[in-house]
Amino acid sequence: MVRRCRVGSNLIKRWLFYIVGLIILALGISLTIKGRLLGLGSWDVLHYGLWQTFGLTIGSWAIIAGATIVLFTAVITRRLPKLGVYINMVAVGVFIDIFNWLIPEFEGWTQHIFIFTLGLLVMAFGVAFYITPNLGAGPRDTLMLLLVEKFGLKISMARNIMELGAAVAGYLLGGPVFIGTVVIIVGLGKLIEMWLPLTRRLLVSFLGGEDDEIIRII
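If you use full-length UniProt numbering, the sequence shown corresponds to residues 1 to 218, in order.
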């Protein structure tokens with residue numbers, strides 16, 4: 001009975017940790033949007049371009065794009081994604097819009113370089129934070145895994161195809177592509193790896209001990 005209560009308590013805490021990670025990720029994305037003179041990450045280029053062309057909000061387009069990917073992968077695989085995919089899709093989009101509203105615009109290259117760099121670090125921390133509880137990937141990662149499974153691609157190749165496709169489509173719609181886009185594509189993974197040991201320690205501390213269900217990539 002005690003063990004069952006502990007497992008239930010740990011699951012609740014893992015979900016809380018997961019959601020906080022998504023909020024941190026959205027903050028990082030919003031900061032890079034405010035430093036957009038350097039460009040944006042591939043998918044954010046697409047969301048920004050869709051917003052510039054069709055209206056709504058950047059967060060709304062992040063949700064719409066995520067929902068489209070979820071629907072596509074569900075049809076192809078004939079199975080519904082895990083709950084975490086839906087929470088990821090909605091929460092990140094909603095909080096991007098909230099932070100875009102709260103954070104002021106910045107002027108000049110110096111301010112944009114600073115805020116973009118801060119955003120990149122925060123974004124990587126957010127990703128590390130939300131993947132540590134091991135509660136499911138986001139819609140885009142689900143699509144990446146589908147490409148790997150269906151076409152026998154390496155993960156790096158599948159991700160590069162997706163990133164390039166999103167960046168090109170976003171650029172054609174008027175999204176900002178520059179050196180920062182390349183920096184995010186090349187450097188985000190390394191920064192996530194840098195943060196993972198810290199986020200894992202934070203989660204273990206929050207849980208009050210080790211849990212076999214959390215991520216073990218150190």
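Ideal Cβ placement from N, Cα and C applies to all residues, glycine included.
Residue interval of the alpha helix (DSSP H) (run including residue i)
i: G59; result: 58 to 77
i: T142; result: 139 to 151
i: N100; result: 83 to 102
i: V45; result: 42 to 54
i: I215; result: That residue, I215, is in no alpha helix (DSSP H); it is neither H nor E in DSSP.
i: T110; result: 108 to 131
i: F206; result: 179 to 207
Among the options, nearest to residue i - alpha-carbon criterion
i: W43; options: G138, P133, R78; result: G138
i: V90; options: T68, T32, F72, M157; result: T68
i: N100; options: G208, G209, Y48; result: Y48
i: L145; options: W51, T77, T132; result: T77
i: R36; options: L203, S205, W195, I184; result: I184
i: L191; options: M123, Q52, N10, M157; result: M123
i: L16; options: I64, I58, G84; result: G84
i: L135; options: T53, G189, Y86, I64; result: Y86
i: V182; options: L164, F54, E213, W195; result: L164
i: W61; options: L50, L71, V70; result: L50
Burial state of residue i, where buried means 16 or more other Cβ atoms lie within 10 Å
i: E149; result: exposed
i: T199; result: buried
i: E210; result: exposed
i: V2; result: With a pLDDT of only 47 at V2, under 50, the local geometry of the prediction cannot be trusted, and the value read off the model is given with reservation. With fewer than 16 Cβ atoms within 10 Å of its Cβ, V2 is classed as exposed.
i: F129; result: buried
i: G119; result: buried
i: T73; result: buried
i: R216; result: exposed
i: I19; result: buried
i: I63; result: buried
i: R14; result: buried
i: I12; result: exposed
i: R140; result: buried
i: S205; result: exposed
Within 9 Å, strictly: CB atoms of residue i and residue j
i: F125; j: I24; result: yes
i: I179; j: G39; result: yes
i: A26; j: I96; result: yes
i: T132; j: G21; result: yes
i: V92; j: G66; result: yes
i: L56; j: A169; result: no
i: T32; j: G41; result: yes
i: L121; j: G208; result: no
Would you call the segment 158 to 175 and the segment 95 to 108 touching, i.e. three or more CB-CB distances under 8 Å?
Contact between the segment 158 to 175 and the segment 95 to 108 is absent, because fewer than three Cβ pairs lie under 8 Å.
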